[in-house]
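So in the numbering used here, the last spot in the sequence shown is 283, and the numbers never skip.
For each residue, glycine too, the CB sits at the ideal point set by N, CA and C.
Note sheet for the following structure.
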Amino acid sequence: MTKIALLGAGGKMGVRLSTNLKAAGADFSPVEVTDEGRKRLRDATGLDCIEQGQALSRADVVVLAVPDRAIGSVAHQIVGGLESGTSVVMLDAAAPHAGDLPERDDIAYFVTHPCHPPIFNDEEGENRLDFFGGVKAKQHIVCALMQGSEEDYAKCEVVAKQIYAPVMRSHRVTVEQMAILEPALSETVGATLALALREATDEAVRRGVPEQAAHDFMLGHLNIELAIAFGIFPEGRFSDGALKAIEKAKPLIFRDGWRERVFDPEAVMASVKDICEPDGA
């Protein structure tokens, strides 16, 4: 059985991963440096943390469940002491793509990230309220092998499916492609437009539309509009009136060339480097 060291096990994400690894019956050693985090882990899972050096000395796979801005620092602290053939798993592409990892040819670097439960799913009851995923609702994941062998990829993908369970599809991408997915696609574009949709809804309320009516109207229309746009509802079509409104709205809302600017490799690199900057930098 693969032996796993989980660093940051008492953090918000670390507790999620610890819970899933415990449920999967994995052989893992939770590591947490703060008293608050150790208490949080114990209260949530009943698990006690293990001293970091002991956990790393026995690990086949080291999972770094620490903030993006700390990945480079933590990696430089631990990688030199790892056994040859160890795999280091990161949960985001920012630090790897930014070049924050120490060079060492005899270990593997693997990156994985959840897609989160899709909008269009078959979840029922309380499962539908697991918006983040990794608790009850099924989700897809993306995985990238930055360096290492196919055997390393297979071993780490199993761990990825355990920490993000329940998992449907596991997509293999490159680290660069994962950085395009996040931050460029999901945050720079997706999160920004999500907040813009909320701001537009608030503006409708400010202009006199009852708040609940505005929310119901927007969220209901988004359901069918996204289904049409992404081909989930292939027989669906935007009305002639909607197409005319879209044509007139695009130049009003979006600047020409926005996609090229957002997804330009230099822009993506600048974004991940900004994410990895320490607080106050």
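Check                                                                                                                                                       : Outcome
Using the rule of at least 16 other Cβ atoms within 10 Å of the residue's Cβ for burial, across every protein chain shown, is H223 buried or exposed?       : exposed
Would L131 count as contacting chain C if we go by Cβ distances under 8 Å?                                                                                  : The chain inventory of the structure shown lacks chain C, comprising one protein chain alone.
Assign M10 to buried or exposed, taking buried as 16 or more other Cβ atoms, counted over all protein chains shown, within 10 Å of its Cβ.                  : Sequence inspection shows Gly at residue 10; the Met mentioned does not correspond to that position. Its Cβ being crowded by 16 or more others within 10 Å, G10 is buried.
Less than 8 Å between C-beta atoms, sequence neighbours within five positions excluded: which residues of the same chain meet that for L49?                 : A11, S20, K24, P32, L43
May I ask which residues mark the beginning and end of the beta strand (DSSP E) holding L29?                                                                : It should be pointed out that residue 29 corresponds to Asp in this sequence rather than to Leu. That run of the beta strand (DSSP E) goes 29–33.
With distance defined between alpha-carbon atoms, name the residue in P116, G55, N225, D276 nearest to M92.                                                 : P116
Look up R42 in the DSSP assignment and say whether it is helix, strand or coil.                                                                             : helix
May I ask you to list the residues that DSSP assigns as paired with T114?                                                                                   : C145
Taking I255 as the reference, give the member of F265, G238, T194, I277 with the closest Cα.                                                                : T194
Going by other Cβ atoms of all chains shown within 10 Å of its Cβ, with 16 needed for buried, is K314 buried or exposed?                                    : This structure cannot settle anything about residue 314, because the visible part of the chain is limited to 3 through 283.
Per DSSP, what kind of secondary structure is M92 in: helix, strand or coil?                                                                                : strand
Of all the alpha helix (DSSP H) runs that stay within the bounds of the region 202–268, which reach a length of 4 or more residues?                         : 213–231, 242–255, 260–265
Under 7 Å: does the beta carbon of E213 sit that close to some heavy atom of the ligand PLP?                                                                : The ligand PLP is not among the ligands present in this structure, which contains no ligands whatsoever.
P120 and D132: beta carbons closer than 8 Å?                                                                                                                : no
Are A244 and G238 close, meaning C-beta to C-beta below 8 Å?                                                                                                : no
What residue range is occupied by the uninterrupted beta strand (DSSP E) comprising L9?                                                                     : 5–9
How close, in whole Å, do the beta carbons of A64 and V90 come, if the pair is a contact with beta carbons under 8 Å?                                       : One point to set straight first is that residue 64 is Val, not Ala, in the sequence displayed. At roughly 5 Å, the Cβ-Cβ gap stays under 8 Å, so V64 and V90 are in contact.
Which same chain residues end up closer than 8 Å to V207 when comparing Cβ atoms and leaving out the 5 residues on each side of it in sequence?             : E213, A216
Taking the alpha carbon of V68 as the reference point, which residue from G16, D37, F30, A96 has its own alpha carbon closest?                              : G16
Does the distance from the C-beta atom of I182 to that of Y166 stay below 8 Å?                                                                              : no
Going by beta carbon distance, what residues of the same chain come within less than 8 Å of A186, once the five residues before and after it are set aside? : V264, F265, A269, V270, S273
Curious, which full-length beta strand (DSSP E) runs of at least 3 residues does the region 113–191 contain?                                                : 141–149, 169–174
Can you grab the Cα-Cα spacing for the pair F30 / R71, in whole Å?                                                                                          : 24 Å
Flag this pair as yes or no: are the beta carbons of A73 and L66 separated by less than 8 Å?                                                                : Note on identity: in this sequence residue 73 is Ile, with Ala being the wrong assignment. Going by C-beta atoms, I73 is nearer than 8 Å to L66.
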